[in-house]
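S.K.:
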């Protein structure tokens with residue numbers, strides 16, 4: 001199923017209802033999971049339901065995701081001014097990884113953990129673009145490739161790979177301005193949504209991951 005095209009359409013149709021986030025002059029907290037909050041996050045189901053829930057892990061609250069032959073995501077519609085807060089910060093931990101998949105094909109388009117940013121095309125939903133930061137099962141770190149369903153409207157960037165251990169927390173910091181320019185060849189100063197997804201429907205497998213707080217910062 002062309003689920004990323006469906007993601008783009010759903011996000012475009014619902015942007016007017018975008019929720020506010022916790023904001024200071026140089027920080028925007030969009031995923032406040034450690035406070036036990038999922039305010040503003042919406043579930044979108046594409047092929048079965050990934051189980052998302054807040055859990056206690058090592059003395060803090062995190063978002064747990066488990067997919068069994070399923071694909072659904074959690075989305076938060078929030079406008080981010082990348083000229084002010086270009087850095088995306090998050091933590092994630094892969095608990096159960098996929099075996100090596102042919103991730104550039106439709107049958108292998110599954111990821112144990114992914115976080116993506118969405119640039120709305122407005123009413124022209126086919127111009128909506130998404131950059132996926134993924135935990136790859138078969139690509140090299142820093143590899144960049146188009147999604148097998150959505151083509152160059154949805155690019156994937158490998159942040160972690162099968163070389164990285166499961167059961168370990170990793171803290172990430174990405175300059176989204178730079179990554180969007182690399183992915184789409186132009187400067188993009190605003191994004192309109194953030195999402196997390198753990199999925200396993202195309203390869204008919206299972207995966208588990210944990211996600212920590214998500215924020216945008218000035219540096």
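In this note's numbering, the protein residues as written are 1 to 219.
Think of the CB as a built atom: it goes at the ideal place given N, C-alpha and C, for glycine as much as any other residue.
All values reported here derive from a predicted model rather than from experimental measurement.
1. Roughly how many whole angstroms lie between the Cα atoms of residue 111 and residue 184?
2. Give the secondary structure of residue 145 by DSSP, where H, G and I count as helix, E and B as strand, and everything else as coil.
3. Taking residue 155 as the reference, which of 79, 104 and 93 has the closest Cα?
4. In its own chain, which residues sit with a C-beta less than 8 Å from the C-beta of residue 53, not counting the 5 before and 5 after it?
5. What number of angstroms, rounded off, separates the C-alpha of residue 81 from the C-alpha of residue 191?
6. For the structure I just gave you, are there three or more beta carbon pairs, one from the stretch 125–142 and one from the stretch 95–102, closer than 8 Å?
7. So, does the stretch 65–84 touch the stretch 202–218, judging by three or more C-beta pairs under 8 Å?
8. Since residue 115 and residue 133 should fall inside the 8 Å C-beta cutoff, what is the C-beta to C-beta distance between them, to a whole number of angstroms?
9. Pick out the complete beta strand (DSSP E) segments inside the stretch 18–67, 3 residues or longer, and give them in chain order.
10. Applying the criterion that 16 or more other CB atoms from any shown protein chain within 10 Å of the CB defines a buried residue, is residue 36 buried or exposed?
11. Tell me the DSSP secondary structure of residue 130 in three-state form.
12. My output table needs one value for residue 151: the three-state DSSP class, helix, strand or coil.
13. How should residue 40 be labelled, buried or exposed, when 16 other C-beta atoms within 10 angstroms of its C-beta is the threshold for buried?
14. Looking only at C-alpha atoms, which of 45, 120 and 27 sits nearest to residue 77?
15. Which class does residue 164 belong to by DSSP, given the choice of helix, strand or coil?
16. Rounded C-beta distance between residue 230 and residue 176? I'm assuming under 8 Å.
M.R.: Result, derived from the coordinates:
1. To locate residue 111, count along the chain shown from 1; it is residue 111. To locate residue 184, count along the chain shown from 1; it is residue 184. Whole-angstrom Cα-Cα distance: 22 Å.
2. Indexing the chain shown from 1 puts residue 145 at position 145. Strand.
3. In the chain shown, the residue the question calls residue 155 occupies position 155. The option with the nearest alpha carbon to residue 155 is 104.
4. What you label residue 53 is simply residue 53 of the chain shown in a count that begins at 1. Hits under 8 Å: 63 and 64.
5. The sequence position of residue 81 within the chain shown is 81, counting from 1. The sequence position of residue 191 within the chain shown is 191, counting from 1. Linking residue 81 to residue 191 through their CA atoms gives a straight-line distance of about 7 Å.
6. These segments touch.
7. The stretch 65–84 vs the stretch 202–218: in contact.
8. For the purposes of this step, residue 115 is identified with residue 115 of the chain shown, where counting begins at 1. For the purposes of this step, residue 133 is identified with residue 133 of the chain shown, where counting begins at 1. Between residue 133 and residue 115 the Cβ distance is about 5 Å, and since that is below 8 Å, they are a contact.
9. Secondary structure remark: continuous beta strand (DSSP E) runs of at least 3 residues inside the stretch 18–67, in chain order: 27–31, 41–47 and 51–57.
10. In the chain shown, the residue the question calls residue 36 occupies position 36. Classified as exposed, residue 36 has fewer than 16 neighbouring CB atoms from the shown chains inside 10 Å of its CB.
11. By one-based count along the chain shown, residue 130 stands at place 130. Here residue 130 sits in strand by DSSP.
12. Position 151 of the chain shown, counting from 1, holds the residue named residue 151. In the structure shown, residue 151 sits in a strand (DSSP, three-state: E or B).
13. Counting from one through the chain shown, the residue named residue 40 turns up at place 40. Looking at its Cβ environment, which holds 16 or more other Cβ atoms inside 10 Å, residue 40 is buried.
14. Your numbering for residue 77 matches position 77 in the chain shown. A check of alpha carbon separations from residue 77 across 45, 120 and 27 identifies 120 as the nearest.
15. Reading the chain shown from its first residue, position 164 is the one you call residue 164. Judged by DSSP in its simplified three-state form, residue 164 adopts coil rather than helix or strand.
16. Residue 230 is absent from the structure shown; the chain starts at 1 and stops at 219.
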